[in-house]
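The next block holds one structure in the form of structure tokens; read it before the comments.
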Amino acid sequence: MAIDTRVAPKIKHHDEEYKVIGTRPIRHDGLEKVTGEARYGSDINLPGQLHGKVLRSPHAHARILSIDASRAQALDGVSAVITSADLPDPGDKLTTGGEAPGLPVKFKSANMLARGKVHYHGHAVAAVAATNQHIAAEALKLIDVEYEVLEPVLEVWDAMKPDAPVIIEDLYTAKADGTTAEEPSNVAAEMLYEVGDVDAGFAEADLVVDREFTFGVVHQGYIETHNATANWLKDGHLHVWCSSQGAFTIRQELADLLNHPITKIHVVPMEIGGGFGGKTTAYLEPLAALLSQQTGHPVKMAMDRADVLKATGPTPGGYVRVKMGVTNDGTITAGYANLAFDAGGYPGSVVGAGCRCVFAPYNMTNAKVEGFDVVVNKPKTHAYRAPGATHAEFASETVVDEICRTLDIDPVEFRLKNSAKEGDWQLAMPPYPRIGHIECMEAARDSAQWQTPLETAPGKKRGRGIASGFWFNIGFTSSVIAKLNSDGSVTLLEGSTDIGGTRTSVAMQFAETLGIAIEDVDPIVADTDSVGQTDVTGGSRVTFATGLAAHNAANDMKDQIAEGLADLWDVAADSITHADGTFSANGNSATVREAAGLLEEEGVFPIGKNTVTPTREGGAFAVHIADVEVDEETGKVEVLRYTAVQDAGVAIYPPYVEGQMQGGVVQGVGWALNEEYVYDDDGHLLNASLLDYRMPTALDVPNIETIIVEVPNPGHPYGVRGVGEVPIVPPPAAVANAIHDATGLRMSHLPMSPPRVQAALAAQA
Amino acid sequence: MATVHIPTPMRVATDGVARVEIEGATVRDIVDRLEANYPGLGGRLVEDGQLRPGLSVFVDGANVGRRLRTKLQPDSELFFVEALGGG
Amino acid sequence: MATEILSGKVHVQTTINGEQVDFLAEPRESLLEVLRDHLGLTGAKEGCNNGNCGACNVVMDGALVNSCCVLSVEAAGASIETIEGVASPEGLHPLQQSFLENAALQCGVCTPGFIVAAKALLEENPNPTEYEVRWWLAGNLCRCTGYDKIVRAVLDAAERMRAEA
Chain Z
108 MAIDTRVAPK
118 IKHHDEEYKV
128 IGTRPIRHDG
138 LEKVTGEARY
148 GSDINLPGQL
158 HGKVLRSPHA
168 HARILSIDAS
178 RAQALDGVSA
188 VITSADLPDP
198 GDKLTTGGEA
208 PGLPVKFKSA
218 NMLARGKVHY
228 HGHAVAAVAA
238 TNQHIAAEAL
248 KLIDVEYEVL
258 EPVLEVWDAM
268 KPDAPVIIED
278 LYTAKADGTT
288 AEEPSNVAAE
298 MLYEVGDVDA
308 GFAEADLVVD
318 REFTFGVVHQ
328 GYIETHNATA
338 NWLKDGHLHV
348 WCSSQGAFTI
358 RQELADLLNH
368 PITKIHVVPM
378 EIGGGFGGKT
388 TAYLEPLAAL
398 LSQQTGHPVK
408 MAMDRADVLK
418 ATGPTPGGYV
428 RVKMGVTNDG
438 TITAGYANLA
448 FDAGGYPGSV
458 VGAGCRCVFA
468 PYNMTNAKVE
478 GFDVVVNKPK
488 THAYRAPGAT
498 HAEFASETVV
508 DEICRTLDID
518 PVEFRLKNSA
528 KEGDWQLAMP
538 PYPRIGHIEC
548 MEAARDSAQW
558 QTPLETAPGK
568 KRGRGIASGF
578 WFNIGFTSSV
588 IAKLNSDGSV
598 TLLEGSTDIG
608 GTRTSVAMQF
618 AETLGIAIED
628 VDPIVADTDS
638 VGQTDVTGGS
648 RVTFATGLAA
658 HNAANDMKDQ
668 IAEGLADLWD
678 VAADSITHAD
688 GTFSANGNSA
698 TVREAAGLLE
708 EEGVFPIGKN
718 TVTPTREGGA
728 FAVHIADVEV
738 DEETGKVEVL
748 RYTAVQDAGV
758 AIYPPYVEGQ
768 MQGGVVQGVG
778 WALNEEYVYD
788 DDGHLLNASL
798 LDYRMPTALD
808 VPNIETIIVE
818 VPNPGHPYGV
828 RGVGEVPIVP
838 PPAAVANAIH
848 DATGLRMSHL
858 PMSPPRVQAA
868 LAAQA
Chain L
5 MATVHIPTPM
15 RVATDGVARV
25 EIEGATVRDI
35 VDRLEANYPG
45 LGGRLVEDGQ
55 LRPGLSVFVD
65 GANVGRRLRT
75 KLQPDSELFF
85 VEALGGG
Chain W
259 MATEILSGKV
269 HVQTTINGEQ
279 VDFLAEPRES
289 LLEVLRDHLG
299 LTGAKEGCNN
309 GNCGACNVVM
319 DGALVNSCCV
329 LSVEAAGASI
339 ETIEGVASPE
349 GLHPLQQSFL
359 ENAALQCGVC
369 TPGFIVAAKA
379 LLEENPNPTE
389 YEVRWWLAGN
399 LCRCTGYDKI
409 VRAVLDAAER
419 MRAEA
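In order, the protein sequence lines correspond to chains Z, L and W.
Start counting at 1 in the first sequence, then tack on 107, and there's your number in the numbering used here.
Start counting at 1 in the second sequence, then tack on 4, and there's your number in the numbering used here.
Start counting at 1 in the third sequence, then tack on 258, and there's your number in the numbering used here.
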């Protein structure tokens with residue numbers, strides 16, 4: 108059955124009407140992407156270019172005793188071999204940019220090229236530059252590395268044991284109370300968040316449900332592998348072309364890692380083939396730069412898929428415990444959660460964010476959440492779309508479902524009754540501003556899927572599940588420079604890498620504010636020399652923050668046009684009004700196009716610009732409904748029907764809001780049902796290919812019905828909330844609750860893969 | 005008086021007090037007075053004269069990042085929060 | 259289309275997007291490498307280099323192939339169609355237009371492979387069901403869209419092409 112979601116239902120909780128916002132223009136960069144002309148990072152080839160490749164550790168945990176590259180260096184066509192000895196000593200510097208400021212640069216440096224020890228299977232040990240990639244690959248085999256293999260520790264519960272092998276020998280736990288542990292261990296940091304009196308809250312409860320959950324490691328799975336091309340000129344200028352979520356972040360990391368002045372580093376963002384949080388940090392860029400410096404040639408590097416899976420930043424596996432107390436009438440009285448996440452080979456997992464999301468959909472007056480960031484012999488983990496929230500809310504939304512079943516309360520009514528709303532508690536944060544969880548839940552309740560009884564089939568186990576999800580919206584800094592051309596069109600330079608249509612969603616806000624057609628704006632993603640500071644494309648922030656910069660830049664341009672016209676019309680600039688793209692004063696009027704022509708004759712070419720660090724981010728809620736069928740024989744779970752409801756604030760560019768929702772759902776379904784890193788006991792990753800790390804195909808999922816709810820974010824002139832991340836949060840819980848509805852099973856591990864479901868069904872029988 | 009919410013882990017320095025009222029014209033004033041009133045607390049918030057990397061301050065619901073010069077209203081409400089990243 | 263070894267390289271004659279193309283390749287180079295690195299046809303992408311993602315799809319002698327799994331020397335005498343040959347001088351192919359209008363791409367890196375694969379489908383089956391589209395495209399991975407809008411775009415293009423036929 109095909110359900111037409113081309114124009115998704117939209118439920119507005121505001122009265123604003125816009126001319127450009129909310130329409131469905133063709134994206135500006137679309138043409139080049141359907142013809143193959145768009146230039147991604149790996150599509151660049153420079154004259155005289157060499158190819159770089161990375162030697163990776165065959166062991167999960169080992170001391171490097173020696174590296175002898177002489178045989179590789181002697182190979183015809185090899186120009187340079189580098190190891191961590193070629194990198195500057197980062198000392199005690201802390202990272203300043205990127206997604207996790209305040210972490211020691213030494214860890215980032217050692218993750219890029221191992222220092223003394225390898226911390227995971229696939230850890231980079233050396234890099235070579237050669238005339239082509241085949242020679243570079245041959246050279247890797249000629250680098251002789253002597254290892255002393257050490258015992259690996261792979262799971263957080265093992266790594267936290269007092270007698271566990273310590274991976275980083277001088278790592279002392281940063282404890283929640285601000286003190287530092289006296290003995291080294293694998294626990295990098297402890298976190299504690301508390302509100303109210305959790306013991307008193309549990310004492311009030313009639314029912315307490317306390318469950319434990321575990322998680323495999325999953326990868327973001329972007330289709331484009333990491334790549335970087337660098338050209339280090341003789342005067343120290345360094346040009347880098349790469350596919351990263353943030354050119355300015357890469358520039359900062361290059362400066363930190365190479366001790367090189369920022370002014371000499373120029374990063375060109377190429378088109379990026381997906382990121383989802385996994386391309387917010389440098390892996391190859393500094394290596395390509397060093398190899399270019401050493402050889403005097405441009406150096407291009409690209410990972411293969413095995414490199415990506417083994418040695419970039421998947422999102423953590425780990426452990427979550429959730430305990431919730433409720434009264435018999437279904438009022439939540441207390442919540443406790445304990446989260447321990449894989450940091451991977453170096454500190455810095457996303458556990459803090461998970462802690463802060465675990466109870467986010469609910470008004471919790473008594474809660475306590477503890478978090479642990481744990482180093483294990485797996486790749487250094489990283490953000491993946493709503494980082495940490497999916498794990499945390501899989502656990503809490505499963506527990507909520509169990510509470511509803513036990514008390515025989517409708518899961519929608521329970522969530523409506525306990526929902527977080529404006530002014531309610533938010534863990535370790537100011538109280539919630541205006542939020543739309545209730546509105547999303549009502550829209551889900553009223554949706555076609557929820558209102559249609561689940562279709563049963565003889566002999567088939569089918570069930571329906573519902574779950575909520577929350578994720579933040581990040582502000583950070585964004586810049587826009589907009590140039591008015593003489594024909595009234597606008598060239599808009601922005602610094603945000605465009606991963607999913609944000610050139611257009613940013614340009615639409617500019618067009619709305621200036622009062623011109625979207626076709627008259629030409630948005631360009633500019634390099635680090637050509638636009639102001641712009642942080643990563645992440646945290647669901649581009650349409651929110653870069654959109655705000657575009658709105659402000661349009662107002663700046665408006666003021667400049669008015670000043671120019673004031674001269675021409677001999678009126679005061681502040682007497683000129685602007686409505687629907689027309690400037691008027693004293694009987695004169697001019698559209699933007701007419702004004703551009705008039706000003707050109709005066710030699711005036713307005714440039715509207717803005718750099719903004721927004722302060723009132725709009726976090727967002729989603730509610731998802733899943734219908735599934737469980738194959739009793741194989742344990743395979745098929746998603747039959749799926750509805751995603753989400754508060755977008757105001758959907759600037761609806762087809763791409765729907766696209767984010769649908770894409771997030773399918774990633775979440777992959778995480779729920781199939782995706783997982785598989786290790787042997789020695790810590791070797793066994794499924795480092797897209798055949799064995801199996802992501803959903805078109806055949807594995809149904810159409811995803813979408814309902815956009817609009818509860819505007821009061822902190823943005825157009826009400827924008829973060830859109831991109833939250834849709835990955837509810838799917839695992841919605842699917843798990845549907846599996847329970849179908850079979851009575853409570854699954855406590857992600858993924859709920861066929862063998863696990865099959866085993867659980869067998870145990871049940 | 006501004007109301008300052010003390011993050012749970014830092015309450016060891018305030019004898020468990022979760023919320024304190026402090027006079028101050030800027031965030032920096034608040035941090036300085038917290039340090040004076042609760043020795044050791046300021047040090048957890050500030051390092052080398054700047055808000056510790058990885059922390060943000062919210063003033064009246066607005067995330068003002070690490071801008072210690074942010075001016076306060078007489079009844080402002082402050083939260084010190086760990087900065088977040090995203091995917 | 260005789261091939262001969264020249265300093266370790268093989269001279270290969272092919273037809274690419276209707277034009278005769280000669281290139282020299284090492285026997286170990288894949289067709290994808292040659293297209294991208296020697297011929298400047300970078301529309302086909304490397305996503306996995308072992309035939310699992312479809313980002314490098316081209317049509318070779320009428321068959322949809324993963325060009326990462328074809329040795330370049332195997333292309334001798336073959337006729338190859340790549341994404342660069344899908345649009346005509348008159349304009350976009352209906353599939354390309356439909357992908358744009360249906361917002362069927364996000365990051366866009368898988369898009370060339372999907373369009374090449376979908377074109378091969380519609381040439382074989384001008385009126386596919388949604389299931390047939392999903393079945394055919396199961397060799398192409400997209401991590402951004404969740405496939406919904408891609409499937410709709412292909413069905414939409416099929417309808418347009420049938421109307422024009």
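Note that the Cβ used here is the ideal one computed from N, Cα and C, for glycine as well.
query	result
Taking the alpha-carbon positions, what's the F579(Z) to T74(L) distance?	23 Å
Does R571(Z) come within less than 9 Å of chain L when only Cβ atoms are used?	no
Can you pull the chain L residues whose beta carbon is under 9 Å from the beta carbon of P494(Z), in chain order?	L88, G89, G90, G91
Are N324(W) and C368(W) close, meaning C-beta to C-beta below 9 Å?	no
Tell me, please, which residues DSSP counts as bridged to T321(Z).	Y426(Z), H856(Z)
Please confirm whether L201(Z) and P57(L) have their CB atoms less than 9 Å apart.	yes
If you measure from the beta carbon of Q865(Z) to each beta carbon in chain W, is any gap under 9 Å?	no
Closer than 9 Å, CB to CB, is A302(W) near chain Z or not?	yes
Is the shortest distance between the beta-carbon of C368(W) and the beta-carbons of chain Z less than 9 Å?	yes
Please tell me whether M859(Z) has its Cβ less than 9 Å away from any Cβ of chain W.	no
Measuring CB to CB, does V375(Z) end up less than 9 Å from L361(Z)?	no
To the nearest angstrom, report how far apart N662(Z) and S351(Z) are at their CA atoms.	30 Å
Counting only beta-carbon separations shorter than 9 Å, does T12(L) have a partner in chain Z?	yes
Taking L523(Z) as the reference, give the member of A550(Z), G608(Z), I369(Z), L153(Z) with the closest Cα.	A550(Z)
Helix, strand or coil for R401(W), going by three-state DSSP, please let me know.	coil
For R15(L), count neighbouring C-beta atoms within 10 Å of its own C-beta (all shown protein chains included) and say buried if the count is 16 or more, exposed if not.	buried
One question on the structure: do I128(Z) and I759(Z) come within less than 9 Å of each other, judged by their Cβ atoms?	yes
Counting only runs of 3+ residues fully inside the segment 148-176 of chain Z, write out the beta strand (DSSP E) ranges in chain order.	157-163, 169-175
Report yes if the C-beta distance between I588(Z) and L599(Z) is below 9 Å; otherwise report no.	yes
From the DSSP secondary-structure annotation, give me the bridge partner or partners of D754(Z).	V816(Z)
Given that a residue counts as buried once 16 or more other Cβ atoms are within 10 Å of its Cβ, and exposed if not, what is P347(W)?	exposed
Using only alpha-carbon positions, find the residue among E359(W), Q271(W), R294(W), G343(W) that is nearest to A411(W).	E359(W)
With a cut-off of 9 Å, does the C-beta of G452(Z) fall near any C-beta of chain W?	no
Since L542(Z) contacts R401(W) with CB under 8 Å, what's their CB separation in whole angstroms?	Residue 542(Z) is actually Ile in this sequence, not Leu. Wrong, their Cβ atoms sit about 29 Å apart, outside the cutoff.
Starting from D734(Z), trace the beta strand (DSSP E) both ways and give me its first and last residue.	727-737
Counting pairs of Cβ atoms below 8 Å between the segment 223-241 of chain Z and the segment 157-175 of chain Z, do you hit three or more?	yes
For E601(Z), which residues does DSSP report across the bridge?	V587(Z), V632(Z)
List the residues of chain W that Y763(Z) touches, going by C-beta distances under 9 Å, in chain order.	A361, Q364
Could you tell me whether any Cβ in chain L is nearer than 9 Å to the Cβ of Y300(Z)?	yes
I'd like to confirm the pairing. Which residues does DSSP put opposite E86(L) in its beta bridges?	L59(L)
Against G65(L), what residues of chain Z qualify as contacts under a CB-to-CB distance less than 9 Å, listed in chain order?	P537, P538, P540, T722, R723, G822
What residues from chain W crowd round G150(Z), counting only those whose CB sits closer than 7 Å?	At residue 150(Z) the sequence reads Asp, which differs from the Gly that was named. What D150(Z) touches in chain W: T300.
Based on Cα-Cα distance, which residue from E500(Z), G694(Z), R463(Z) lies nearest to F322(Z)?	E500(Z)
Pick out whichever of V483(Z), A176(Z), A243(Z), H658(Z) has its Cα sitting closest to the Cα of V263(Z).	V483(Z)
Of the choices V746(Z), L747(Z), V764(Z), whose alpha-carbon is the least far from that of D754(Z)?	V764(Z)
With a cut-off of 8 Å on the beta carbons, I'd call A169(Z) and L257(Z) a contact; round off their distance for me.	6 Å
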